[in-house]
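Reviewing the structure listed below.
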Amino acid sequence: MYHLYTTIEISAAPNTVREKFLDFSQLPVYHPNGFFISITTAVPNQTLERGVKLHNVLEGMKFEPTVTENCPSRFSWGGSGLLGTFTGEHIFRFEPSTKIQGGTTFIHEEKFTGLTSFIMGQNLVARGIGLRESTRKGFERYNRDLKAWCEKP
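Residues 1 to 153 in this note's numbering are what the sequence shown spells out, letter by letter.
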């Protein structure tokens with residue numbers, strides 16, 4: 001398994017951050033040139049519960065993962081590509097901050113498994129491809145945009 005992990009402190013309560021995060025219709029407003037282009041349910045207006053298919057568009061990629069968890073402290077989806085040889089669980093966590101009173105530690109991570117998941121590692125081939133680094137930068141860009149959106153007066 002290969003794990004990509006990013007975090008950012010946000011001066012807003014976890015429930016506020018989660019609410020703004022889950023309002024995927026606002027993604028183009030606060031993250032207009034970002035890593036995530038759009039996130040929608042595959043069936044319009046479906047409730048975001050375990051087992052629901054999503055239609056996600058990221059930089060240069062479209063995929064349809066399945067919601068694996070949606071609770072007050074965590075939202076995640078999972079899916080696979082390349083004929084099942086590359087699988088990921090994308091996780092967003094909303095934890096009370098220990099650094100900002102009343103704030104949130106937003107954790108944005110992905111766990112990669114499968115035969116070709118090594119391309120998300122730190123080996124010579126993976127570094128040459130550069131997918132891990134570009135994905136990390138995309139996560140961090142999204143984190144900064146979400147922070148700015150949540151802290152906007």
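Ideal Cβ positions, reconstructed from N, Cα and C, are used throughout, including at glycine.
If I follow the unbroken beta strand (DSSP E) through residue i, where does it start and stop?
i    : result
K111 : 104-113
T16  : From DSSP, T16 is part of no beta strand (DSSP E) but of the alpha helix (DSSP H) over 14-22.
V43  : Run containing V43: none; DSSP gives neither H nor E here.
K99  : Looking at the DSSP string, K99 is not in any beta strand (DSSP E), and its letter there is neither H nor E.
V57  : 54-58
R74  : 74-81
N70  : 66-71
I8   : 2-10
F63  : 61-63
What do you get for residue i, buried or exposed, if any count of 16 or more other CB atoms within 10 angstroms of its CB means buried?
i    : result
N45  : exposed
R127 : exposed
K147 : buried
S76  : buried
R50  : exposed
D23  : exposed
P189 : Because the chain here runs from 1 to 153, residue 189 falls outside it and cannot be looked at.
P65  : buried
I100 : exposed
V29  : exposed
L54  : buried
N56  : buried
By the DSSP assignment, the alpha helix (DSSP H) with residue i in it spans what residues?
i    : result
I129 : 124-129
V29  : 27-30
For residue i, which option in the options has the closest C-alpha, if you only look at C-alpha atoms?
i    : options               : result
L4   : P14, K137, V29, L146  : K137
P72  : V43, N33, A42, A13    : A13
F86  : V29, K111, P153       : K111
S134 : G121, I8, D145        : G121
E89  : T68, Q101, S97, Q26   : T68
A105 : K53, N143, P32        : The sequence given here places Thr at residue 105; Ala does not occur at that position. Ranking K53, N143, P32 by Cα distance to T105 puts N143 first.
G102 : I129, D145, K62, E151 : E151
V52  : L58, D23, V43         : V43
G60  : G34, H108, M1         : G34
- prompt: Are three or more beta carbon pairs between the stretch 92-110 and the stretch 7-25 nearer than 8 Å?
  reply: yes
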